[in-house]
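Here the structure is laid out as structure tokens; the discussion comes afterwards.
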DNA sequence: AACAACAGTAGAGTGTAGTCTATAGTTGGT
DNA sequence: ACCAACTATAGACTACACTCTACTGTTGTT
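Dropping the structure here:
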């Protein structure tokens with residue numbers, strides 16, 4: 036599929052997809068049999084990757100971290116050992132975030148109690 | 036205390052503290068009895084606030100969201116009802132983040148299994 | 001009096017992650 | 001043949017959250 040279809044499938048603008056492509060997260064292929072243009076073609080794997088990128092972004096991973104994960108997942112840039120190391124690193128980071136968020140929930144719940152119990156009467 | 040001491044207590048640079056002050060998150064007081072300078076003076080509450088800001092940043096709240104929370108906590112800018120609304124909103128956001136992170140943990144654990152089970156032999 | 005270390009303000013610069021503009025070429029439908 | 005809608009590239013622009021620079025004034029120690 037071309038970028039327009041990919042854009043519709045993923046909800047990301049062609050601009051943003053090209054930005055991710057330039058950042059090395061996804062990669063279209065050129066059809067060498069077609070000589071009149073040099074359009075990029077994308078496969079279903081790219082759709083998956085872009086969906087993953089969206090999810091990974093919202094948990095706070097940066098583009099370069101997402102790049103690492105994608106490389107550890109789809110590519111052969113890293114050895115098996117390196118891949119596991121990268122993925123473990125990300126799991127630890129997520130575990131830390133999880134704890135921080137739970138702490139923050141407690142804290143804000145406490146603020147709420149303070150407001151309710153009328154420590155200040157507004 | 037002056038900004039230097041505050042900086043040491045919180046681990047934030049005077050630059051960053053001034054940035055937060057300009058953003059409305061904290062507020063120093065000027066000592067009108069001193070006429071030779073116009074240095075800002077900060078209290079322990081500001082130390083608390085800055086520590087909160089650090090924690091809130093790492094769970095992904097923006098400066099303006101943190102501002103809202105601080106206003107709902109310390110100030111009388113909002114009514115009791117508004118305060119509870121803001122805090123509930125933040126709790127919902129944290130709950131959402133929590134779920135997303137748990138999902139991402141599952142996903143990355145799955146990637147790990149894929150690597151281990153040797154779907155690709157590197 | 002000299003000087004480092006501090007204080008303040010204004011504004012420029014950085015990095016991240018887009019988002020948009022300009023330009024130029026291609027494709028598909030009428 | 002024409003035109004809208006698509007494609008590509010390069011580079012400008014934006015927003016956020018700092019971070020730093022330049023400049024000036026103050027304080028405390030020697």
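Protein chains in written order, with this note's numbering: chain L, 36 to 157; chain R, 36 to 157. Every residue, glycine too, gets a C-beta built ideally from N, C-alpha and C. On a predicted model such as this, the values are computed, not experimentally measured, just so you know.
For a contact meaning CB atoms closer than 8 Å, what does residue 136 of chain L contact in chain R? What residue 136 of chain L touches in chain R, judged by beta-carbon distance under 8 Å, is 94, 129, 132, 133, 136, going in chain order.
Take residue 96 of chain R as the anchor and find which of L:139, L:149, L:68, L:147 has the nearest alpha-carbon. Selected option, being the one with the closest Cα: L:139.
Can you give, in chain order, each stretch of the alpha helix (DSSP H) that sits fully within the region 104–152 of chain R and has at least 4 residues? Listed in chain order, the complete alpha helix (DSSP H) runs (minimum 4 residues) inside the region 104–152 of chain R are 115–151.
Indicate the three-state DSSP secondary structure (helix, strand or coil) for residue 96 of chain L in the structure shown. Coil at residue 96 of chain L, not helix or strand.
In whole angstroms, what is the alpha-carbon distance linking residue 76 of chain R and residue 124 of chain L? Distance between the alpha carbons of residue 76 of chain R and residue 124 of chain L is about 42 Å.
What are the residues of the region 72–95 of chain R that lie near chain L, defined by any Cβ-Cβ distance shorter than 8 Å? Per Cβ criterion, the list reads 87, 90, 91, 93, 94, 95.
Residues, ordered as in the chain, of the region 138–151 of chain L that lie near chain R by beta-carbon distance below 8 Å: For the region 138–151 of chain L, the set of residues with a beta-carbon nearer than 8 Å to any beta-carbon of chain R comprises 138, 139, 140, 142, 143, 144, 146, 147, 149, 150, 151, in chain order.
In terms of DSSP beta bridges, what is residue 76 of chain R paired with? Answer by DSSP bridge pairing, in chain order: R:64.
Can you tell me where the alpha helix (DSSP H) with residue 41 of chain R in it begins and where it stops? Run containing residue 41 of chain R: 38–45, per the alpha helix (DSSP H) assignment.
Continuous alpha helix (DSSP H) stretch holding residue 57 of chain L: start and end: Residues 49–57.
Step through the CB atoms of chain R and report whether any lies within less than 7 Å of the CB of residue 122 of chain L. Chain R contact via Cβ: present.
Could you check whether the region 66–85 of chain R touches the region 106–120 of chain L, counting it as contact only if at least three pairs of C-beta atoms, one from each stretch, sit closer than 8 Å? No: the two stretches stay apart, fewer than three of their Cβ pairs being nearer than 8 Å.
Taking the alpha-carbon of residue 153 of chain R as reference, which of L:145, L:153, L:109 has the nearest alpha-carbon? Minimum Cα distance to residue 153 of chain R is reached at L:109.
Quick check: what's the CA-CA separation for residue 98 of chain L versus residue 107 of chain L? Linking residue 98 of chain L to residue 107 of chain L through their CA atoms gives a straight-line distance of about 14 Å.
At the level of alpha carbons, what is the spacing between residue 62 of chain R and residue 141 of chain L? Residue 62 of chain R and residue 141 of chain L: Cα-Cα distance of roughly 25 Å.
Distance, Cα to Cα, residue 38 of chain L vs residue 92 of chain L? The alpha-carbon of residue 38 of chain L is positioned some 21 Å away from that of residue 92 of chain L.
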